[in-house]
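The block underneath contains the structure these notes are about, expressed in structure tokens.
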Amino acid sequence: MDDRHPRAEKAHVVAHERPELLMFCAVAGLVGNVAPLVTITWGTLVTEHAFIADTISDLAKGDKKWIMDLGFYLNAGGLLGLAIASAHAHLGRAGWSVGIFCLAFLALVVTLLGLWDEFHTAGDNPPGMTVHTKLTFLLGPLYLAGPLAMARGAAGIGRSYPAFFLAAAAIWVVFATAFKLAPTDYDGILEKIAIGGTMLWTMPLSVFFLVRGWEKAHRITPTD
Numbered sequence: 001m002d003d004r005h006p007r008a009e010k011a012h013v014v015a016h017e018r019p020e021l022l023m024f025c026a027v028a029g030l031v032g033n034v035a036p037l038v039t040i041t042w043g044t045l046v047t048e049h050a051f052i053a054d055t056i057s058d059l060a061k062g063d064k065k066w067i068m069d070l071g072f073y074l075n076a077g078g079l080l081g082l083a084i085a086s087a088h089a090h091l092g093r094a095g096w097s098v099g100i101f102c103l104a105f106l107a108l109v110v111t112l113l114g115l116w117d118e119f120h121t122a123g124d125n126p127p128g129m130t131v132h133t134k135l136t137f138l139l140g141p142l143y144l145a146g147p148l149a150m151a152r153g154a155a156g157i158g159r160s161y162p163a164f165f166l167a168a169a170a171i172w173v174v175f176a177t178a179f180k181l182a183p184t185d186y187d188g189i190l191e192k193i194a195i196g197g198t199m200l201w202t203m204p205l206s207v208f209f210l211v212r213g214w215e216k217a218h219r220i221t222p223t224d
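When the letters of the sequence shown are read in order and numbered with the working numbering, they come out as residues 1 to 224.
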């Protein structure tokens, strides 16, 4: 007869990590990191996109806009996957929780960025301040707060993780600020470097959850 307390049994079940969930979310995260790189390259090759001057959003206009929109949606799916994995395998306190919400909100904002390119000039917005443009301002604090908030929790994974996360925040804030202040002739390259910098947060996080899930899936325990 099992005389374990029902509440203790329930707590054990809730706290148990599912390796298949971690690996699925990690793969989604990896795809979400790679997809924008592929679609930016693809879009540049099949359109008249000026890589240095034109922004990523410029790729989401015209007859080939679906290419960059696909990159937006896959990236959003990857961010959501990382949010789920981070919540499932919670590695910190309040800071880690803040990072989870940043990932989730980023997934929402990136999805809306893809959707609102369809209606880029819609509404009563003045020129240069469309709904799409307004949404981009939400990226600033989210991509800065997310890695900074998760850096302390990531220290328990390995010393390189907080270094990557802090570097992601630093690169983002420097180049995103430069993007807003620099002449439009250099908008595109500054924005692409800023977005690339964020991958120093999301890519290591994806790899970590993939490895963690793999190790847990192949670990033999007495309860297996």
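For each residue, glycine too, the CB sits at the ideal point set by N, CA and C. Being a predicted model, the structure only gives us computed values, none of them experimental.
Residue i CB to nearest heavy atom of the ligand SAM below 7 angstroms
i	result
THR198	Judged by which ligands are present, the structure shown has none, so any question about the ligand SAM falls away.
C-beta neighbour in chain C for residue i, strict 8 angstroms
i	result
LEU138	Considering every chain present, this structure includes no chain C. It has just one protein chain.
Cβ shell of residue i (< 8 angstroms), same chain only, five flanking positions each side left out
i	result
LEU21	ILE84, ALA85, HIS88 and GLY213
ILE157	LEU91 and PHE208
ARG219	none
C-beta contact flag for residue i and residue j at 8 angstroms
i	j	result
PHE72	THR47	no
PRO141	ALA154	no
ILE189	PHE51	yes
ALA60	GLY114	yes
GLY32	GLY99	no
PRO183	ALA169	no
ASN75	ALA35	yes
HIS49	ASP63	no
ILE195	ILE67	no
LEU205	GLY29	yes
MET23	LEU210	yes
ALA217	PRO19	yes
Cβ-based neighbour list, residue i, same chain, cut-off 6 angstroms, excluding 5 preceding and 5 following
i	result
ALA151	PRO162, PHE165 and LEU166
VAL173	LEU144
MET203	ASN33
LEU106	LEU79 and LEU142
CYS102	LEU142, ALA145 and GLY146
Simplified DSSP state of residue i, which is helix, strand or coil
i	result
GLU20	helix
GLY78	helix
THR47	coil
ALA122	Unreliable positioning characterises ALA122 in this predicted model, as indicated by a pLDDT of 48, which lies under 50. The coordinate reading is nonetheless provided below. Coil.
PRO183	coil
GLY29	helix
HIS90	coil
CYS64	Note on residue identity: the sequence assigns Lys, not Cys, to residue 64. It is coil, neither helix nor strand.
GLY99	helix
GLY225	Since the displayed the chain opens at 1 and closes at 224, residue 225 lies outside it and no answer follows.
ALA167	helix
ALA8	Annotation note: pLDDT 44 at ALA8 (below 50); position unreliable, no value reported.
ILE52	coil
Boundaries (first-last residue) of the alpha helix (DSSP H) holding residue i
i	result
HIS132	131-154
ILE193	187-217
ASP58	56-59
Neighbourhood of residue i by C-beta distance below 7 angstroms, restricted to the same chain and skipping five residues each side
i	result
ALA176	GLY140 and ALA194
GLU191	THR55, ILE56 and PHE179
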